[in-house]
Structure formats: structure tokens, C-alpha cells
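Notes follow the structure.
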Amino acid sequence: MTLVLLLACVRSPGDSGDVVTPTPLDGRLLVSDLRGNQWFTADPNTGEVEDSFLLSTLEPEVCTGEENERYCLLFQSREHIALDGSDEILFTYSALDVSDGDDDSKTDLIARVYSVDRATHEPRWHIDALDFSHLTNGSDYCPFDPGDPCHPSEAMETRDYWACSLHMTHDMVVTAEDESSVSMWLVDSRNSRMLHVTSPRDGTCAVVDTVLDDHVEDWDIYNSNNSMQLWQDGDDENLLMSVKNSFPDDQTGESQFGGPGRGKIILWRRNTATGSPWAQVWEFPPVSETEESFLDDPHGVDTIVDDSGHRYALFAHSLGHSDGPDYGEGTGGSIGVVRIDDDAPVYVFDVLLPGADVLQFPRDVTPLPDGSWLFTDSGCLGDGCAYETADWIVRLPEFQPSEGFSGAWRPDHGQQQFVEAEVLRGPMFQPANLLFSSAYIGG
């Protein structure tokens, strides 16, 4: 799919008729078109697309872009200034074959992580395989062949094959690099795990050194993690992730009433000075053994620190305003906000668009340098969508912790407090196929 011209509109913030005149932004937007086989960059002030990269450039026989044929799903894209000063675009994608994710297809949705030069689009490095052999308990995660750990055997059971592979990996954050290798966290969504890996620049098999999954205490029932943020606070390294589903937990007295669509925002932490292992700090909404305590299909998460030193997490509450009777049903989303200064998050509110403008299935939220925010709305979870996908630039109300609301999703939304954003620009990029994420990058 090729985008030729995309327009952005300046919208009125409400019934007053006053037109908002937003501050011009100097950088660019980097946008992942999930089902359009591409990422593109655009002017945030006009919505004009200036550059695009098609996945068919990398795999023309696989990323065809044709429905009902083999094509590729593009997830997160990020800008990265490399060690040598090069401006790179990092992204992850998975090939979807005609089985459409059938559990009997071992190679369906196996992921690749790529770096390409932003200006020339030349590939710089990529990952398409994993090596668990350097972990003392690596066989607990993948029954690898010691003679060839990077290539899972076709004779493996499907689940074992997936466990030895990257499977529908959604996000990545670089943590270190040198002249010969790059280290990063990977959100390996369909394997329900976080991986820290180091990949050689001259190879494609990444060595796994850390795994966060159900082998770790407090991972509990999390399923389909999909976004992450990483930050350092003194000696503490913090990893914030979103997870959109949970497995049913039938242990007597320990059930969280998990299930499809029942998600969380979760903070993990380790101390780099003491070498302590990763441990969960909190999950939002908090665990309850007496009632359902979840978000409805949460996706992309980001954080800011305000002028008073308070840290906030914002997340795409993809069905947070749903009219459905249960998790994962209906349509209508919001952007959730929590304050995360302490070891227990405090719910602030859920944000909607004003008036007739509706977030149908928001998938990402990103801070902009002028204090505004970028919302990415997929319109729907998957294909066959009846709603438009779009980006919106908005201004949010002042953040104040709510009183009497937990932020947990209920069909009657009785535990949520809804507020309206002020639209500065949007809708943008509606001719796109199905937007997944958007980031603000350099000019």
C-alpha cells in the first residue's frame, strides 16, 4: 500500500466555535501502519507524508501486502541514534501466512527485528533467531539443540518451536551497543514474555541473557504483553509494560478471574548496584481475589515527569469506553492516566475525544515536546474494520488523582472517571490501513 497525500484538519475544541491554533512542531511523526506493510514519516503540522518504507523491500515474496495471501504485520517503530551517529529506524514485524495465525502453522507470525538507515533505507542489522544456550536454565525456555541452538528443529512440537523463536514480537528498546553488537529488550508478545538479548551486527541470531515470563514470581497469569518503557532512577532500572490478556487462573483462593481482554499495566524493577533480580513492584489495577480487577485490552504505554516531579503513566485503554457487556467486546476506547511516584499507582482518569469524535480502538499514546499528546487509534483490533484509523494531537486536562475511582473496567464504567481532551490536530492519516503506533522523532 502506498500513501500519496494525507491531510490533517484543525478541529474546534467544543461547542464554542473557537478554533485552536496549536504551536508548530519542528520534528516528524514516525508511524507504523500495522496492515499496510509499512512505516512512514510525516509532518505533524500538516499530516503530509514525507517518506515511507515498505516491508516488501526486505521480503518481496512474503510481505506482498495482498489480503488472503502472505503479508506482514508491522508493529512498533522507533528512531535510534546509533553508536556511530547514524540515524536508524528500528521496527519489528511478523509474516502472516494463509493460515491466518492457525496454531498448526509453526512458521506463522515468526518475528523479525530490523534496523535500517533512516535516509537511505539500507539495512544495518536484523534479528530473526534466538540462542538460549547461554542461560544456565535455557532449556526451560526452549528445548534447543546444543549443536545448533539458533535453528529450532522442524520436528519440534508447535509450541516448542514458537518458544525457541520470536513470535509476534511487538516492541523493542535498545539498552547498550558497541562496535560489534547491540543489546535490547524485546516484547515477545505471543510467547508472553520479555527478553533481553544481545545480537551481533554481522549475524542474525540474538543471544538471550534474561527472560521475564511465568518462570518469574508474580508473572502470574499475564498473556500477550505488547508495549514497554524503560528508565533509570538512581541505581534502580524500571521496566513498565502493558499486557492485554490474562490466562484463567483456577487455583483455589488465588484466582484473579483472568481471561481474554483482561489486561494490566505492570512495573518491574531491579537494582543495578546490588545486582538484584527483576521483581514486580505493582500491577494496575491491583490484584483482587474477590472481584475482577482489570483493564479492557490495554496497549501502548508511555511515561512523563511533570514540572513538580510527579511521574505519570499513560496507556491506550483500547476498549476502556466499550459499550460491550464483557471484556474484549463492543467498541470504544480511552486513554488511561495513573500517577506512579510510589510503590502503588494512583488512578487519575480516562481521556476521551470531545463531542462526536470517538476513539474506537486506541493502540498508542505518545508525549510531544510542547506538552500535548499524540493518540493513535487503530479503529479496530484486526481486519474487516468498519471504523477509520487515525492519529490525533490533543491537549489534556490537568492531572489530579481521582477520588473514589479505582480505574478498573466494568461494563457500567462505574470505577472510571472520564474527561475530554482538547483536539489540536486531527484526524490525521485516515487513508492508512490500520495504524499501530506513532512516535515523535527528529526533523
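Residues 8 to 450 (our numbering) are what the sequence shown spells out, left to right. Ideal Cβ positions, reconstructed from N, Cα and C, are used throughout, including at glycine. Here the structure is a predicted model, which means the values were calculated and not measured.
Buried versus exposed call for Arg417 [16 or more other C-beta atoms within 10 Å across all chains shown]: Arg417 comes out exposed.
Three-state secondary structure assigned by DSSP to Thr259: Residue placement at Thr259 cannot be trusted, given a pLDDT of 46 that sits under 50; the coordinates are not used to answer.
Start-to-end residues for the alpha helix (DSSP H) that takes in Thr165: Note, Thr165: alpha helix (DSSP H), Thr165 to Ala170.
DSSP three-state assignment for Arg346, whether helix, strand or coil: Reduced to three states, the DSSP call for Arg346 is strand.
Asn245 - DSSP class collapsed to helix/strand/coil: Per DSSP, reduced to three states, the secondary structure at Asn245 is strand.
Buried versus exposed, by CB contacts within 10 Å (16 or more), Ile117: So Ile117 ends up on the buried side.
For Asn440, three-class secondary structure by DSSP: In the three-state scheme derived from DSSP, where H, G and I count as helix and E and B as strand, Asn440 is classed as coil.
Buried or exposed (CB count within 10 angstroms, at least 16 for buried), Asp216: Classification for Asp216: exposed.
Of the residues Leu202, Glu57, Ser196 and Asp33, the one placed nearest Arg139, counting alpha carbons only: Note on identity: in this sequence residue 139 is Phe, with Arg being the wrong assignment. Checking every option, the nearest Cα to that of Phe139 belongs to Leu202.
Endpoints, the beta strand (DSSP E) within which Asp333 is located: In the DSSP annotation of this structure, Asp333 is not part of any beta strand (DSSP E), being labelled neither H nor E.
Assumed close pair Gln45, Leu61 - CB separation to whole angstroms, cut-off 8 Å: Their Cβ separation, rounded to whole angstroms, is 5 Å, which keeps Gln45 and Leu61 in contact under 8 Å.
Which listed residue (Leu360, Asp384, Gly450 and Leu142) has its alpha carbon closest to that of Asp371: Comparing alpha-carbon positions, the option among Leu360, Asp384, Gly450 and Leu142 lying closest to Asp371 turns out to be Asp384.
Simplified DSSP assignment, three categories, for Gly340: The DSSP-derived three-state label of Gly340 is coil.
Residue ranges of each beta strand (DSSP E) within the segment 178–205, 3 or longer: Taking only runs of at least 3 residues, the beta strand (DSSP E) segments lying wholly in the segment 178–205 are 188–195.
In chain order, each beta strand (DSSP E) run of at least 3 residues that lies wholly inside the segment 24–104: Complete beta strand (DSSP E) runs here, min 3: 35–40, 45–49, 56–61, 78–88 and 94–103.
Where Ser112 falls: helix, strand or coil (DSSP): In the three-state reduction of the DSSP assignment, Ser112 falls in the coil class, being assigned neither a helical nor a strand state.
Phe301 beta carbon less than 9 Å from that of Ala415: Result yes, Cβ atoms of Ala415 and Phe301 sit closer than 9 Å.
Where the beta strand (DSSP E) through Ile400 begins and ends: Counting along the chain, Ile400 sits inside the beta strand (DSSP E) bounded by residues Ala397 to Arg402.
Cutoff 7 Å; reference Arg402; Cβ partners in own chain excluding five residues on either side: Answer for Arg402: Ser379, Ala428, Glu429 and Leu431, listed in chain order.
Strand pairing of Leu360, partner residues [DSSP]: In DSSP, Leu360 forms no bridge with anything.
Where Gly421 falls: helix, strand or coil (DSSP): In the three-state scheme derived from DSSP, where H, G and I count as helix and E and B as strand, Gly421 is classed as coil.
Under the three-state DSSP convention, the category Ser231 falls into: The three-state reading of DSSP puts Ser231 in strand, counting E and B together.
First and last residue of the uninterrupted beta strand (DSSP E) at Gly270: Unbroken beta strand (DSSP E) run through Gly270: Arg269 to Asn278.
Close beta carbons around Lys271, own chain, < 8 Å, minus the five adjacent residues each side: Within the same chain, Lys271 has close Cβ partners Tyr229, Ser249, Val250, Ser253, Glu290, Phe291, Pro292, Phe301, Leu302 and Pro305.
Contacting residues, own chain, Cβ-Cβ under 6 Å from Thr279 (five flanking each side not counted): Taken in chain order, the residues that qualify are Asp242 and Glu244.
Asp152 - DSSP class collapsed to helix/strand/coil: Correct three-state label for Asp152: coil.
Bridge-paired residues (DSSP) for Cys212: For Cys212, DSSP records a beta bridge to Ala136.
Straight-line Cα distance separating Thr373 from Asp33: Using only the alpha carbons, I get a separation of about 16 Å.
Anticipated Cβ contact below 8 Å, Met175 with Ser196, distance rounded: Met175 to Ser196, Cβ: 5 Å. Contact.
Residues near Pro36 by beta carbon distance below 6 Å, same chain, minus five either side: A small correction: the amino acid at residue 36 is Leu; Pro does not occupy that position in the sequence shown. Scanning its chain for C-beta atoms nearer than 6 Å, with the 5 sequence neighbours on each side dropped, one finds around Leu36 the residues Ala49, Pro51 and Ser445, in chain order.
Euclidean distance between Cα positions of Ser231 and Glu129: In a straight line, the C-alpha of Ser231 is about 31 Å away from that of Glu129.
Rounded C-alpha distance that separates Val355 from Glu224: Cα atoms of Val355 and Glu224: separation of roughly 28 Å, rounded to the nearest angstrom.
Inter-residue Cα distance where the pair is Asp330 and Leu137: Looking at the backbone, the Cα of Asp330 and that of Leu137 are separated by about 41 Å.
Beta-carbon contacts of Ser39 that lie in its chain and below 6 Å, excluding the five residues immediately before and after: Non-local beta-carbon contacts of Ser39 in its own chain, meaning distances under 6 Å to residues more than five positions away in sequence, involve Trp46, Leu81, Ser84, Phe443 and Ser444 in chain order.
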